[in-house]
Amino acid sequence: MRLSYARRGEGRDLVLLHGYLASKESFAPQIAYFSHHFCVTALDFPGFGGAEALPAAWSVDDYADWTLGALASLGIGTPCVIAHSFGGRVAVKCLSRGDVFDRAVLTGCAGIVPRRTLSYRCKVGAYRLARRMAPRFADRHFGSEEYRTLSPLMRESYKKIVNEDLREDAKRISRPVLLVGGTRDTAVPPASVEIYHACIRQSRVLWMEGCGHFAHLEDPLAFNAAAEEFFQ
Numbered sequence: 015m016r017l018s019y020a021r022r023g024e025g026r027d028l029v030l031l032h033g034y035l036a037s038k039e040s041f042a043p044q045i046a047y048f049s050h051h052f053c054v055t056a057l058d059f060p061g062f063g064g065a066e067a068l069p070a071a072w073s074v075d076d077y078a079d080w081t082l083g084a085l086a087s088l089g090i091g092t093p094c095v096i097a098h099s100f101g102g103r104v105a106v107k108c109l110s111r112g113d114v115f116d117r118a119v120l121t122g123c124a125g126i127v128p129r130r131t132l133s134y135r136c137k138v139g140a141y142r143l144a145r146r147m148a149p150r151f152a153d154r155h156f157g158s159e160e161y162r163t164l165s166p167l168m169r170e171s172y173k174k175i176v177n178e179d180l181r182e183d184a185k186r187i188s189r190p191v192l193l194v195g196g197t198r199d200t201a202v203p204p205a206s207v208e209i210y211h212a213c214i215r216q217s218r219v220l221w222m223e224g225c226g227h228f229a230h231l232e233d234p235l236a237f238n239a240a241a242e243e244f245f246q
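Going by this note's numbering, the sequence shown opens with residue 15, and the numbers climb by one from there.
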């Protein structure tokens, strides 16, 4: 597949993996900052940004396969990585396969499936019933706003992605990981960050006070400084 990426700077390789429905441009403050000391490569995942559309309903493993292939095509070996949200899922999968990355900063890292409550199960049942009887109504009124913007193929991929829990993958990670969590993040709450911390042996946590799901954009100076210190 044709690669869509931005590359700036010289030196040690640093790869940036964006979140769902985002693109390489979502790392603009990090590209500007780290390109002074690193060779920064920001990728667009297939289906997003300037990349090609998905050829099938991909899972997280499929995205990890693609990422490893993209790094090989670009001649990048064992880089550092900064990954946000969905990009964190892909980074966890890659890291679980061996020493793919030297060090990883995972911010707002998704991939921990919360315990399904009775309310959640009732909503799922109502959606399935509505989907059979009135599919257009169901598509307009059920699911997250993010989900409703997707094409049918992307919706199938999305379901594969969000329903996979990555705890066992995280336990296989042997490289150092810095987990960055926003204290006001509702998409990836602090409890999920703590679960990752318990699973990844060489991990530590940085809490960014007052930040939500996009801590790397809400306080880029503090985020970049912490990531640079970790990489050193």
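By construction, the Cβ of each residue, glycine as well, lies at the ideal position given by its N, Cα and C atoms.
Quick caveat, the model's predicted, so the values are computed rather than measured.
For a cut-off of 8 Å, the C-beta gap from phenylalanine 115 to threonine 92 is around 7 Å, short enough to register as a contact. When rounded, the separation of the alpha-carbon atoms in tyrosine 19 and aspartate 58 is 6 Å. When DSSP reads this structure, tryptophan 72 sits in no beta bridge, so it has no partner. Ranked by how close their Cα comes to the Cα of glutamate 178, the residues Val106, Phe237, Glu243 have Val106 in first place. Taken atom to atom, the span from the alpha-carbon of histidine 32 to that of cysteine 123 is near 11 Å.
DSSP assignment within the region 67–114 yields the following whole beta strand (DSSP E) runs of 3 residues or more, N-terminal first: 94–98.
Between the region 35–43 and the region 72–91 there are fewer than three C-beta pairs closer than 8 Å, too few to call the two in contact. The alpha helix (DSSP H) runs lying completely inside the region 156–205 and spanning 4 residues or more are 159–162, 166–176, 181–185, given in chain order. Where alanine 65 is concerned, there is no enclosing beta strand (DSSP E), because DSSP gives it neither an H nor an E.
The continuous alpha helix (DSSP H) containing tyrosine 47 extends over residues 42–48. Cβ-Cβ distances below 6 Å link valine 54 to Arg22, Gly23, Leu28, Ile45, Phe48 in the same chain, with the five nearest sequence neighbours on each side left out; the list follows chain order. Annotated three-state conformation of tyrosine 210 is helix, per DSSP. For leucine 109 and serine 188, the gap between their C-alpha atoms comes out near 8 Å. By the 16-neighbour rule on beta-carbons within 10 angstroms, alanine 70 is exposed. The count of Cβ pairs closer than 8 Å, one atom from the region 229–236 and one from the region 205–217, stays below three, leaving the stretches out of contact.
Using a 10 angstroms sphere on the CB of proline 128, the tally of other CB atoms stays under 16, which defines it as exposed.
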